[in-house]
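Below is one structure, written out as structure tokens; comments come after it.
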Amino acid sequence: MKALKHVNKYFLKYKYQLLFGIAITIIARIFMLVTPRFVREIFKVVEDYKAGTITEVSVVRAELLEDILYIIGAAIIAGLFTFLMRQTIINMSRHIEFDLKNEIYQQYQRLSLNFYKKNRTGDLMNRISEDVSRVRMYAGPAIMYTINTITLFIIALLYMYSEAPTLTLYTILPLPFLSFAIYKLSKEIHKRSTIVQVYLSKLSTFTQESFSGISVIKANGIEVQTSENFEALSQGSKDKQLALVRIQALFFPMMVLLIGLSNLIVIYIGGKQYIDGEIESLGTIAEFIIYVNMLTWPVATVGWVTSIIQQAEASQARINEFLDLEPEIQNHNETPSNIHGNIEFKKVSFTYDDTNIEALKDISFTINHGETLAIIGKTGSGKSTILDLIGRLYDCNSGIISIDNTAIKDLNLYSLRDSIGYVPQDAFLFSDSIKNNIKFGKEDATDENVIQAAKLAQVHGNISKFAKGYDTVLGERGITLSGGQKQRVSIARAIIKDPKILLFDDCLSAVDTETEEKILKNLYRVAAGKTTVIVSHRVSSAKNADKIIVLDDGKILQQGSHKTLINTEGYYKTLYLKQLSEKEIS
Numbered sequence: 001m002k003a004l005k006h007v008n009k010y011f012l013k014y015k016y017q018l019l020f021g022i023a024i025t026i027i028a029r030i031f032m033l034v035t036p037r038f039v040r041e042i043f044k045v046v047e048d049y050k051a052g053t054i055t056e057v058s059v060v061r062a063e064l065l066e067d068i069l070y071i072i073g074a075a076i077i078a079g080l081f082t083f084l085m086r087q088t089i090i091n092m093s094r095h096i097e098f099d100l101k102n103e104i105y106q107q108y109q110r111l112s113l114n115f116y117k118k119n120r121t122g123d124l125m126n127r128i129s130e131d132v133s134r135v136r137m138y139a140g141p142a143i144m145y146t147i148n149t150i151t152l153f154i155i156a157l158l159y160m161y162s163e164a165p166t167l168t169l170y171t172i173l174p175l176p177f178l179s180f181a182i183y184k185l186s187k188e189i190h191k192r193s194t195i196v197q198v199y200l201s202k203l204s205t206f207t208q209e210s211f212s213g214i215s216v217i218k219a220n221g222i223e224v225q226t227s228e229n230f231e232a233l234s235q236g237s238k239d240k241q242l243a244l245v246r247i248q249a250l251f252f253p254m255m256v257l258l259i260g261l262s263n264l265i266v267i268y269i270g271g272k273q274y275i276d277g278e279i280e281s282l283g284t285i286a287e288f289i290i291y292v293n294m295l296t297w298p299v300a301t302v303g304w305v306t307s308i309i310q311q312a313e314a315s316q317a318r319i320n321e322f323l324d325l326e327p328e329i330q331n332h333n334e335t336p337s338n339i340h341g342n343i344e345f346k347k348v349s350f351t352y353d354d355t356n357i358e359a360l361k362d363i364s365f366t367i368n369h370g371e372t373l374a375i376i377g378k379t380g381s382g383k384s385t386i387l388d389l390i391g392r393l394y395d396c397n398s399g400i401i402s403i404d405n406t407a408i409k410d411l412n413l414y415s416l417r418d419s420i421g422y423v424p425q426d427a428f429l430f431s432d433s434i435k436n437n438i439k440f441g442k443e444d445a446t447d448e449n450v451i452q453a454a455k456l457a458q459v460h461g462n463i464s465k466f467a468k469g470y471d472t473v474l475g476e477r478g479i480t481l482s483g484g485q486k487q488r489v490s491i492a493r494a495i496i497k498d499p500k501i502l503l504f505d506d507c508l509s510a511v512d513t514e515t516e517e518k519i520l521k522n523l524y525r526v527a528a529g530k531t532t533v534i535v536s537h538r539v540s541s542a543k544n545a546d547k548i549i550v551l552d553d554g555k556i557l558q559q560g561s562h563k564t565l566i567n568t569e570g571y572y573k574t575l576y577l578k579q580l581s582e583k584e585i586s
């Protein structure tokens with residue numbers, strides 16, 4: 001139960017609802033347990049009539065009717081309070097589920113980019129859905145039935161003991177065996193529940209990746225192989241589920257057996273005591289049989305509740321693994337920072353934790369407010385890493401990154417990121433309208449702002465041709481659009497934000513040269529007065545920048561203006577001449 005302590009804060013939050021639910025449960029059980037006592041009274045009235053103690057039939061009928069009405073009344077009140085009990089406690093568990101999902105989602109938002117490189121999306125989704133659902137079962141049904149069972153046992157045993165102490169002791173004789181069996185089975189359920197949840201995460205991950213990469217699967221014709229892999233994983237998950245179910249299936253038959261044994265004990269011992277005169281009425285035996293059968297379902301639910309708690313424990317432990325993590329990127333300044341855009345790197349080095357690749361080695365450069373820096377280099381030379389460090393998606397291992405003469409770690413993290421318009425290399429669009437995708441960077445943008453940004457990104461013409469225009473809803477990850485269209489919508493999203501710093505990570509690779517020229521012309525106009533960093537493989541994207549850096553294997557190979565670099569022997573001049581000749585040939 002150690003992992004489930006995390007849920008206690010929610011019980012405290014909804015303490016009045018929980019206490020009210022407990023009170024209602026106790027009241028409902030009290031009225032339910034009144035019924036057997038009136039059944040005993042009915043037997044007693046009949047026995048008194050047969051013994052001649054009561055001679056008038058009208059008196060017998062009156063007393064029987066009175067007892068029957070009491071039974072009906074108690075049943076109606078018990079039913080009403082049972083309904084209220086479920087409404088109160090189950091509703092509370094839904095509130096806890098809502099709060100826990102939000103807590104996990106907020107934690108996912110806080111965690112650094114490195115976390116998402118180490119964990120699979122399917123597993124993250126499974127923990128916020130399947131695992132939370134299992135915890136909700138603990139916070140609702142498990143608590144409700146536990147209170148119900150405890151109340152029934154206490155009140156029933158008190159009633160039974162007050163009537164026939166010896167018979168009561170014989171009746172509860174099987175309970176120690178029941179407790180031991182529950183303890184042994186619970187340990188095994190906990191172990192198997194953990195394995196089941198791990199397999200469910202694997203299954204979710206495989207499914208999510210398959211659907212996201214369906215175009216790759218179809219293009220390579222590996223549908224059969226993928227289906228076989230999925231079937232194998234499903235089979236493994238099914239086997240683990242069945243192994244868990246087999247253990248859980250032992251509970252109910254065991255409960256029925258032990259309750260049946262208790263009934264036999266009541267009939268045998270009770271009958272013997274009645275014959276010996278230790279029990280006055282057969283109604284007492286009938287009362288005990290009803291009590292025992294009333295306890296059948298609560299006792300049976302002991303196993304079910306135990307199973308729920310064990311599964312919830314396993315699920316909450318998995319949830320806590322992420323909730324206990326502290327983000328690698330911390331906000332060290334709660335005061336909002338005013339960003340202008342002077343950027344300086346001083347001997348900055350950075351190594352990726354997950355791959356141990358040293359992406360940057362002693363990088364130093366300066367970009368003044370309003371200037372444009374272009375970064376050119378081969379794939380894997382560290383270009384995108386520089387952009388990630390400017391946005392503090394990672395922190396450098398050594399050296400200092402400063403913005404406006406302040407160490408980047410000392411700036412308010414949210415002010416920093418809010419002042420940046422970032423267009424990633426792999427343009428990501430949400431399954432929403434094109435308008436909302438562009439407005440993602442600025443929720444209060446008007447339709448005119450959206451259209452203006454789209455025009456600057458040279459995508460307005462494409463959008464206008466769609467039947468629903470800007471209201472066209474995109475498929476997952478923007479699959480409705482072509483690669484070039486996705487990049488341009490992503491550019492529009494950055495432009496509309498009107499940030500202090502613009503970061504473009506090779507975001508024109510999927511557009512033709514003519515469109516690139518138009519977009520760049522617009523970008524340089526939009527970027528006036530803003531600090532801009534352009535990462536590209538094309539010299540055409542870099543030539544108008546105030547400063548150009550050539551990276552190779554994480555080091556600065558060359559730097560200077562376009563004019564300086566094309567007049568200097570080296571990588572930039574070679575690349576420029578090569579791309580110039582390719583353009584002339586095309």
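In UniProt numbering, the protein residues as written are 1 to 586. Note that the Cβ used here is the ideal one computed from N, Cα and C, for glycine as well.
Uninterrupted beta strand (DSSP E) stretches inside the region 380-468 (no shorter than 3 residues): 398-403 and 420-423
Cβ-based neighbour list, Ile289, same chain, cut-off 8 Å, excluding 5 preceding and 5 following: Asn263, Val266 and Ile267
Neighbour-count burial assignment, Ile463, 16 or more Cβ in a 10 Å radius: buried
Supposed contact pair Tyr394 and Asn114 - C-beta distance, whole angstroms, cut 8 Å: 7 Å
Distance CB(Val450)-CB(Phe504) smaller than 8 Å: no
Own chain residues within Cβ distance below 6 Å of Arg134, not counting five before or after: Gln311, Ala312 and Ser315
Three-state secondary structure (DSSP) of Thr531: strand
Identity of the residues DSSP links to Leu503 by a beta bridge: Tyr422 and Val533
Cβ pair residue 593, Ala139 closer than 8 Å: Residue coverage of the chain in this structure runs from 1 to 586, which leaves residue 593 outside it and unanswerable.
Where Leu481 sits in the DSSP three-state scheme: coil
Whole-angstrom C-beta distance between Val535 and Ile375, which should lie under 8 Å: 5 Å
Whole-angstrom C-beta distance between Leu502 and Gly421, which should lie under 8 Å: 5 Å
Distance CB(Leu373)-CB(Ile549) smaller than 8 Å: yes
Beta-bridge partners of Glu358, as assigned by DSSP: Thr351
Of the listed residues Leu551, Glu517 and Gly529, nearest to Asn544 (C-alpha basis): Glu517
Any 3 or more C-beta pairs closer than 8 Å across the region 160-167 and the region 220-234: no
Residue of Ser237, Gly554 and Thr226 minimising C-alpha distance to Leu203: Ser237
Contiguous alpha helix (DSSP H) assignments of at least 4 residues, all confined to the region 90-165: 113-118, 121-126, 132-137 and 143-163
With 16 other Cβ atoms within 10 Å as the buried cut-off, status of Asp410: exposed
Proximal residues to Gly341 (C-beta, below 6 Å), its chain only, five neighbours per side dropped: His369, Lys500, Ile501 and Thr531
Status (buried if at least 16 other CB within 10 Å, exposed otherwise) for Lys383: buried
The region 95-115 contacting the region 316-336, beta-carbon criterion three pairs below 8 Å: yes
Where the beta strand (DSSP E) containing Leu373 begins and where it ends: Thr372 to Gly377
DSSP three-state assignment for Val511, whether helix, strand or coil: coil
C-alpha gap between Glu97 and Leu250, whole angstroms: 29 Å
Exposure of Glu287, with buried meaning 16 or more beta-carbon neighbours within 10 Å: buried
Residue 656 burial status per 10 Å Cβ neighbour count (16 or more: buried): Absent from the model: residue 656. The displayed extent of the chain is 1 to 586, so no value can be given.
Contact set for Ser398: own chain, Cβ-Cβ below 6 Å, skip 5 residues either direction: Ser349
Lys9, buried or exposed, once every other Cβ within 10 Å from all chains shown has been counted against 16: exposed
DSSP three-state assignment for Leu295, whether helix, strand or coil: coil
Segment limits, alpha helix (DSSP H) that includes Ile247: Glu223 to Gln248
Supposed close pair Gln487, Leu508 - CB separation, criterion 8 Å: 7 Å
Spatial distance of Asp512 from Leu580 (CA atoms): 15 Å
According to DSSP, residues forming a beta bridge with Glu344: Thr366 and Ser402
Nearest neighbour of Ser561, chosen from Lys547, Gly554, Asp552 and Thr568 [CA to CA]: Lys547
Meets three-Cβ-pair contact criterion under 8 Å: the region 52-62 and the region 70-84: no
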